[in-house]
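Worksheet: the structure to be examined is printed underneath.
Residue numbers (the numbering used here): 119 to 266.
Now the structure itself:
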(Lines of atoms letter the chains of each structure in order from A; the text may use other names.)
(Lines give C-alpha, C1' and ligand atoms only; values in the text may rest on other atoms or scores of the structure.)
Protein backbone atom coordinates (compact mmCIF):
# COMPACT_ATOMS: atom_id res chain seq x y z
CA UNK A 119 0.00 0.00 0.00
CA UNK A 120 1.32 3.39 -0.95
CA UNK A 121 0.63 6.45 1.18
CA UNK A 122 0.79 8.57 -1.95
CA UNK A 123 -2.22 6.76 -3.42
CA UNK A 124 -5.35 7.93 -1.57
CA UNK A 125 -7.25 4.88 -2.84
CA UNK A 126 -4.85 2.37 -1.31
CA UNK A 127 -6.31 2.58 2.21
CA UNK A 128 -9.49 3.34 4.12
CA UNK A 129 -9.04 6.49 6.20
CA UNK A 130 -11.04 7.38 9.28
CA UNK A 131 -11.94 10.63 7.52
CA UNK A 132 -13.41 8.90 4.45
CA UNK A 133 -17.08 9.41 3.63
CA UNK A 134 -19.42 6.47 3.16
CA UNK A 135 -19.30 7.02 -0.60
CA UNK A 136 -15.49 7.10 -0.64
CA UNK A 137 -15.40 3.80 1.25
CA UNK A 138 -17.84 2.25 -1.21
CA UNK A 139 -15.84 3.44 -4.21
CA UNK A 140 -12.49 2.33 -2.78
CA UNK A 141 -13.70 -1.18 -2.04
CA UNK A 142 -15.66 -1.60 -5.27
CA UNK A 143 -13.07 -0.09 -7.63
CA UNK A 144 -9.72 -0.69 -5.94
CA UNK A 145 -10.15 -3.65 -3.56
CA UNK A 146 -8.41 -6.74 -4.92
CA UNK A 147 -10.78 -9.65 -5.29
CA UNK A 148 -10.13 -13.35 -4.89
CA UNK A 149 -13.04 -14.09 -7.21
CA UNK A 150 -13.02 -15.52 -10.70
CA UNK A 151 -13.16 -13.59 -13.98
CA UNK A 152 -16.84 -14.25 -14.62
CA UNK A 153 -19.85 -15.00 -12.45
CA UNK A 154 -20.22 -18.42 -14.07
CA UNK A 155 -16.61 -19.33 -13.30
CA UNK A 156 -16.96 -18.04 -9.77
CA UNK A 157 -20.08 -20.11 -9.16
CA UNK A 158 -18.30 -23.18 -10.58
CA UNK A 159 -14.81 -22.72 -9.07
CA UNK A 160 -15.43 -20.45 -6.09
CA UNK A 161 -13.22 -17.66 -4.85
CA UNK A 162 -10.13 -17.36 -2.69
CA UNK A 163 -10.88 -15.37 0.48
CA UNK A 164 -7.23 -15.56 1.56
CA UNK A 165 -6.26 -12.94 -1.06
CA UNK A 166 -9.54 -11.01 -1.12
CA UNK A 167 -9.18 -7.52 0.41
CA UNK A 168 -12.85 -7.35 1.44
CA UNK A 169 -12.57 -10.62 3.31
CA UNK A 170 -9.37 -9.48 5.01
CA UNK A 171 -11.09 -6.30 6.26
CA UNK A 172 -13.96 -8.43 7.58
CA UNK A 173 -11.41 -10.31 9.66
CA UNK A 174 -11.05 -7.15 11.75
CA UNK A 175 -14.68 -6.08 11.65
CA UNK A 176 -16.73 -9.26 12.04
CA UNK A 177 -17.10 -10.14 15.73
CA UNK A 178 -18.72 -13.52 15.12
CA UNK A 179 -16.03 -16.07 14.23
CA UNK A 180 -18.62 -18.56 13.00
CA UNK A 181 -20.08 -15.95 10.63
CA UNK A 182 -16.58 -15.06 9.38
CA UNK A 183 -15.92 -18.75 8.65
CA UNK A 184 -19.32 -19.14 6.97
CA UNK A 185 -18.48 -16.22 4.66
CA UNK A 186 -15.19 -17.89 3.68
CA UNK A 187 -16.92 -21.23 3.10
CA UNK A 188 -19.63 -19.68 0.94
CA UNK A 189 -17.07 -17.65 -1.04
CA UNK A 190 -14.91 -20.73 -1.67
CA UNK A 191 -18.01 -22.68 -2.72
CA UNK A 192 -19.08 -19.97 -5.15
CA UNK A 193 -22.43 -19.33 -3.46
CA UNK A 194 -21.22 -15.91 -2.24
CA UNK A 195 -20.20 -13.69 -5.12
CA UNK A 196 -17.48 -11.03 -5.09
CA UNK A 197 -20.00 -8.19 -5.26
CA UNK A 198 -21.89 -9.64 -2.30
CA UNK A 199 -18.68 -10.02 -0.28
CA UNK A 200 -17.69 -6.44 -1.10
CA UNK A 201 -21.15 -5.23 -0.06
CA UNK A 202 -20.75 -6.94 3.34
CA UNK A 203 -17.35 -5.32 3.77
CA UNK A 204 -18.59 -1.88 2.70
CA UNK A 205 -21.46 -1.99 5.18
CA UNK A 206 -19.20 -2.99 8.09
CA UNK A 207 -16.52 -0.43 7.19
CA UNK A 208 -19.05 2.38 6.80
CA UNK A 209 -20.56 1.58 10.22
CA UNK A 210 -17.14 1.41 11.87
CA UNK A 211 -15.86 4.67 10.36
CA UNK A 212 -19.15 6.48 11.06
CA UNK A 213 -19.07 5.43 14.72
CA UNK A 214 -15.48 6.65 14.99
CA UNK A 215 -16.33 9.98 13.33
CA UNK A 216 -19.37 10.49 15.58
CA UNK A 217 -17.32 9.78 18.70
CA UNK A 218 -14.49 12.02 17.54
CA UNK A 219 -16.95 14.87 16.96
CA UNK A 220 -17.95 14.68 20.64
CA UNK A 221 -14.39 15.40 21.79
CA UNK A 222 -14.13 19.03 22.88
CA UNK A 223 -11.14 21.15 23.88
CA UNK A 224 -12.30 20.71 27.48
CA UNK A 225 -12.13 16.91 27.15
CA UNK A 226 -8.66 17.13 25.65
CA UNK A 227 -7.49 19.48 28.42
CA UNK A 228 -8.78 17.09 31.09
CA UNK A 229 -7.12 14.14 29.39
CA UNK A 230 -3.79 15.94 29.04
CA UNK A 231 -3.81 17.30 32.62
CA UNK A 232 -0.66 15.88 34.21
CA UNK A 233 -2.15 16.22 37.73
CA UNK A 234 -5.23 14.12 37.09
CA UNK A 235 -5.65 10.93 39.05
CA UNK A 236 -5.91 7.78 37.00
CA UNK A 237 -7.94 4.91 38.41
CA UNK A 238 -6.61 1.74 36.78
CA UNK A 239 -9.77 -0.14 37.77
CA UNK A 240 -12.03 1.93 35.50
CA UNK A 241 -13.38 -0.18 32.69
CA UNK A 242 -12.48 -3.47 34.32
CA UNK A 243 -14.99 -5.82 35.89
CA UNK A 244 -15.04 -5.70 39.67
CA UNK A 245 -12.78 -8.29 41.30
CA UNK A 246 -14.66 -10.72 43.50
CA UNK A 247 -12.93 -11.63 46.71
CA UNK A 248 -12.25 -15.35 46.92
CA UNK A 249 -14.62 -17.03 49.33
CA UNK A 250 -14.70 -20.58 50.55
CA UNK A 251 -17.92 -22.35 49.60
CA UNK A 252 -20.15 -23.02 52.60
CA UNK A 253 -19.94 -26.51 54.07
CA UNK A 254 -22.95 -28.71 53.42
CA UNK A 255 -24.47 -31.28 55.71
CA UNK A 256 -23.12 -34.09 53.52
CA UNK A 257 -19.53 -32.83 53.57
CA UNK A 258 -17.92 -31.95 56.89
CA UNK A 259 -15.97 -28.71 57.07
CA UNK A 260 -12.14 -29.21 57.03
CA UNK A 261 -11.85 -28.49 60.80
CA UNK A 262 -14.62 -31.00 61.59
CA UNK A 263 -13.09 -33.66 59.37
CA UNK A 264 -9.71 -33.32 61.11
CA UNK A 265 -11.34 -33.63 64.53
CA UNK A 266 -13.10 -36.90 63.61
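All C-beta atoms in this analysis are idealised placements derived from N, C-alpha and C, irrespective of residue type, glycine included.
Since the model is a prediction, treat every value here as computed from it, not as a measurement.
- DSSP places residue 239 outside any alpha helix (DSSP H), giving it a letter other than H or E.
- At the C-beta level, residue 156 and residue 145 stay beyond 8 Å of one another.
- Under a 10 Å Cβ-count criterion, residue 196 is classified as buried, with 16 or more other Cβ atoms of the shown protein chains found around its own Cβ.
- Here the alpha carbon of residue 171 sits roughly 37 Å from the alpha carbon of residue 234.
- Per DSSP, residue 141 lies in no alpha helix (DSSP H) and is assigned neither H nor E.
- Nearest C-alpha to residue 193 among 164, 158 and 129: 158.
- C-alpha of residue 224 to C-alpha of residue 231: approximately 10 Å in a straight line.
- Membership of residue 189 in the alpha helix (DSSP H) is indicated by the continuous run 179-191.
- The straight-line gap separating the alpha-carbon atoms of residue 178 and residue 222 is approximately 34 Å.
- C-alpha of residue 242 to C-alpha of residue 203: approximately 31 Å in a straight line.
- The three-state secondary structure of residue 124, taken from DSSP, is helix.
- The beta carbon of residue 214 sits closer than 8 Å to those of 130, all from its chain and outside the five residues before and after it, given in chain order.
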